[in-house]
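Below is one structure, written out as C-alpha cells, with a few remarks after it.
Residue numbers (the numbering used here): 170 to 334.
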C-alpha cells in the first residue's frame with residue numbers, strides 16, 4: 170500500500186510539531202485540572218492537609234518535581250499511544266502523515282520509545298537538512314521508522330479501515 174508513497178520533508182514535520190504542540194497544551198491543561206481536583210478531593214476527604222499552603226495550586230507548585238513527572242507521563246502517553254495505535258498523532262492526521270516501520274509495518278512500542286527519546290524534542294528533524302535526499306530524520310534512522318505523506322485517497326482508505334475495525 171505504501172510502496173510509492175513519498176516520505177515527509179521538514180516543512181510538513183514542523184507543521185505537525187506545531188499542531189501537536191497545541192494539542193499537548195490542551196491535554197496538559199486537562200492534566201492540571203485533574204491534578205487540582207485530586208488534591209482538592211484528597212484534602213476534602215481528610216487524606217491531605219493544605220495547612221501552610223494558599224490553595225491546591227500552591228501545593229502542586231511546591232511539589233513541582235512530582236508534578237513535572239506526572240506531566241511527562243501525559244506527553245509520553247500522547248505520542249506512544251497514537252504512534253503505536255494508529256501511526257498518527259492528531260497533527261499527523263491533519264497533515265496526512267503516517268509513521269511506519271521501514272518495511273511498512275506498524276510501529277512497535279520499542280521503536281516508538283526510541284523514536285521519542287531520539288527526536289530530541291523535535292530537533293532531530295533538523296537532520297533532514299543533512300540527509301535531505303533520504304528524508305529520514307535522526308529519530309527515523311535510529312528507530313527504523315519513516316514518516317510518509319499520504320495522498321487524500323490513502324488517508325481516506327486508512328480512515329475507512331480504522332472505522333471498520
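Using N, Cα and C, we set each Cβ at its ideal position, and we do this for glycine too.
Note that the structure is a prediction, hence the values are computed from the model and not measured.
Between residue i and the rest of its own chain, which residues show a CB-CB distance below 8 Å, the 5 nearest in sequence each way excluded?
i, result
"residue 218", "212"
"residue 280", "270, 312, 313, 314"
"residue 330", "none"
"residue 321", "265"
Name the residue from the options whose alpha carbon lies nearest to the alpha carbon of residue i.
i, options, result
"residue 259", "173, 178, 192", "192"
"residue 309", "319, 283, 322, 244", "283"
"residue 174", "208, 319, 200, 209", "319"
"residue 181", "326, 237, 171, 305", "305"
"residue 254", "276, 171, 223", "276"
"residue 237", "327, 197, 316, 332", "197"
"residue 289", "272, 223, 307", "307"
"residue 189", "235, 261, 302", "261"
"residue 328", "202, 245, 221, 263", "263"
"residue 204", "245, 235, 326", "235"
CB residue i to CB residue j, shorter than 8 Å?
i, j, result
"residue 177", "residue 278", "no"
"residue 243", "residue 214", "no"
"residue 187", "residue 294", "no"
"residue 316", "residue 268", "yes"
"residue 256", "residue 171", "no"
Can you list, in chain order, the residues of its chain with a C-beta nearer than 6 Å to that of residue i? Leave out the 5 residues immediately preceding and following it.
i, result
"residue 232", "none"
#### Entry: Sequence ranges, beta strand (DSSP E) only - wholly within the stretch 274–324, length at least 3
314–318
### the stretch 312–332 touching the stretch 271–288, judged by at least three CB pairs closer than 8 Å
yes
### Query
Counting Cβ pairs, one atom from each stretch, are 3 or more of them under 8 Å apart for the stretch 225–233 and the stretch 195–213?
yes
### Message
With a threshold of 8 Å, are at least 3 pairs of Cβ atoms found where one atom belongs to the stretch 235–250 and the other to the stretch 292–299?
### Response
no
### Query
Hey, which unbroken runs of the alpha helix (DSSP H) at 4 residues or more fall wholly within the stretch 175–226?
179–213
#### Entry: Continuous alpha helix (DSSP H) assignments of at least 4 residues falling wholly in the stretch 223–262
225–231, 233–254
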